[in-house]
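Report on the following structure.
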Amino acid sequence: MIKAYGTHPQVDEPNVPVQTGYLVMTLDTPVGVCTGRRRSVPEIQETLNSHKAAHTAYLTTFGALSGVYAAMQTCMAWDTIYEPEQARVISPVSRLWNVNWGGFVLFDWDTYFAAYMAGLDNRDLAYANAIEITREITERGFIPNFGTVNAVKSRDRSQPPVGSLVVRELYRKYADVWFLEQVFEDLLTWNRWWPANRTCHGMLCWGSDPYVPLADAHFEVNSVGDWQGAAFESGLDNSPMYDDVPYNKQTHLMELADVGLNGMYVMDCLALADIAGVLGRHAEAQELRDRAKEFQIALRALWHEESAMFLNLRTDNGEYSLRLSPTNFYALLGKGATQKQAEAMIVKHFYNPEEFWGAWILPSIARDDPAYGDQSYWRGRIWAPMNLLVYLGLRNYNLPQAQADLAEKSSELLLKEWREHGHVHENYNADTGEGCDKMNSDRFYHWGGLLGLIAFIEAGYMGKPEEALKIQEGEHD
1118 MIKAYGTHPQ VDEPNVPVQT GYLVMTLDTP VGVCTGRRRS VPEIQETLNS HKAAHTAYLT
1178 TFGALSGVYA AMQTCMAWDT IYEPEQARVI SPVSRLWNVN WGGFVLFDWD TYFAAYMAGL
1238 DNRDLAYANA IEITREITER GFIPNFGTVN AVKSRDRSQP PVGSLVVREL YRKYADVWFL
1298 EQVFEDLLTW NRWWPANRTC HGMLCWGSDP YVPLADAHFE VNSVGDWQGA AFESGLDNSP
1358 MYDDVPYNKQ THLMELADVG LNGMYVMDCL ALADIAGVLG RHAEAQELRD RAKEFQIALR
1418 ALWHEESAMF LNLRTDNGEY SLRLSPTNFY ALLGKGATQK QAEAMIVKHF YNPEEFWGAW
1478 ILPSIARDDP AYGDQSYWRG RIWAPMNLLV YLGLRNYNLP QAQADLAEKS SELLLKEWRE
1538 HGHVHENYNA DTGEGCDKMN SDRFYHWGGL LGLIAFIEAG YMGKPEEALK IQEGEHD
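Residues in the sequence shown are numbered from 1118 upward in steps of one, following our numbering.
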């Protein structure tokens, strides 16, 4: 138990409209609240001043990226909470989202990415988030779209498989084998779940399976076993890519072989194979490398020569989808492209101002798509995780200019709203760079900080994610 102390005597005030513990003091003079032991207002002020000075000095160590760091970590700190139901420290996406979900909610890829950001200089918080979202694994063996109060979670669907990548990169920085041991089995179970439950014609598709709800919570009985549930699994809740794609009620899959999912899955296999190697799990490492090759072959079949792009493929009628989003670049995450193909994608699409290039990048649907003008949620706005994943894919190839340009423009976008309003947004307008123009763009949503993480990776503050782990002899003995 943490005890709180006030600098003034407590006042009896029976009409405070709360149902939990509270502390009431008069405010006629400066007031302080502290923990650990009683302190006076001057003592508290001195502590605050000394820590502020130390933090200001620390910021200068990041040079030109000091403002980027401040934006990332301020939002992360605000969103980090103590969660009493399971007695843990976690970083949900936003305090407002916590309220709407009755206390807290952890989303799959959001929380893994929070761990990646925290990993810049806060090992404990990074590990806490990566471990806790992995512990949300369902009885069926996948990390759910969400886990929330009273053990309610999305037992119908998962979300983008980015966990192994993040865990590997945290190990690359801090080299704690125990951390890998803590999460490996669950990550392996999740990796095996995808091909067993989300495959059609040898390629992965998003899906949502019916199940019997445990508590009749809203998202246990709504958007389950239908198109919206499958769209939620993609993480791109209302993306125009999926507008006219049917949901198959027999297979419980969206009728679309998705470039983004297949690229991320190959990435997951390769990252988890690296982790297995560190742990001396050689049979599993080979299994994962073999599975990566299998889905790389499938991924390469999605290359469309005329379009110079990997395209989503309808599994019901065999037609390619010409609706482009940054997820089409995720083929680079799975190393499915040749260098020549990657260069063609960059020239024809990345730097094309009618599609993805512009003052603010990357829009979540191509600028020439009919839905781009909506600029609402995943219908045209810029999302930091998309930028990060495209950036990581670029690093798998010799594309230094595109890599540098994406890093620079991403940090500029983050700093625009941060400098103007002190906000780190859930998503941004792709025409103006604003976040505040839409009510459905949370102002303190931590994964907006991924726009800054890209710059830190580019500047060498984090390891090189495109490189396999170097396993030291005896490391797993």
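From the three backbone atoms N, C-alpha and C, an ideal C-beta is built for every residue, glycine too.
Compute the distance between the beta-carbons of residue i and residue j, then report whether it is under 8 Å.
i     : j     : result
N1469 : V1376 : no
T1255 : R1272 : yes
G1552 : H1542 : yes
G1453 : F1473 : no
D1225 : I1260 : yes
L1321 : N1379 : yes
Y1382 : F1412 : yes
A1483 : N1429 : no
L1573 : L1176 : For the sequence presented, residue 1573 should be read as Phe rather than Leu. Against a cut-off of 8 Å, the Cβ pair of L1176 and F1573 comes out as no contact.
Output the distance between the C-alpha atoms of residue i and residue j, rounded to the nearest integer angstrom.
i     : j     : result
P1209 : A1313 : 30 Å
W1420 : T1197 : 41 Å
L1506 : A1204 : 32 Å
V1216 : T1549 : 30 Å
N1513 : G1184 : 28 Å
L1509 : G1352 : 18 Å
M1193 : L1223 : 14 Å
N1132 : R1212 : 26 Å
H1466 : Y1199 : 44 Å
M1118 : W1311 : 41 Å
H1335 : V1269 : 10 Å
W1344 : H1172 : 47 Å
A1232 : E1423 : 39 Å
L1405 : E1575 : 28 Å
L1439 : D1491 : 18 Å
R1154 : W1500 : 44 Å
So, for residue i: in the same chain, excluding its five sequence neighbours on each side, which residues have a beta-carbon less than 7 Å away from its beta-carbon?
i     : result
E1401 : L1305, A1393
V1338 : P1330
H1125 : M1142, T1143, V1148
V1300 : A1247, I1248, T1251, V1284
R1240 : Y1291
P1357 : R1440, I1482, D1486, A1488, R1496
E1130 : V1141
How many whole angstroms separate the CB atoms of residue i and residue j, which I take to be in contact at a CB cut-off of 8 Å?
i     : j     : result
Y1545 : R1498 : 6 Å
L1287 : A1243 : 5 Å
Q1520 : L1532 : Not a contact, Cβ separation roughly 19 Å.
F1230 : V1284 : With a Cβ gap of about 12 Å, F1230 and V1284 do not count as contacting.
M1503 : P1443 : 4 Å
Spatial neighbours of residue i within its chain, please: CB distance less than 6 Å, with the 5 preceding and 5 following residues excluded, ordered by chain position.
i     : result
T1228 : N1246, I1250
E1534 : H1540, H1542, G1552
W1218 : T1265
S1558 : H1542, E1543, N1544, G1552
E1163 : none
Y1494 : N1355, N1557
Can you find the residues in the same chain that come closer than 8 Å, C-beta to C-beta, to residue i, ignoring five residues on each side of it along the sequence?
i     : result
L1140 : A1121, G1123, Q1127, V1150
L1516 : A1459, E1460, I1463
Is it a yes or a no for the region 1358-1373 touching the region 1388-1402, going by three-plus beta-carbon pairs under 8 Å?
-> no
Count the CB pairs spanning the region 1526-1536 and the region 1171-1180 that are closer than 8 Å, and state whether there are at least three.
-> no
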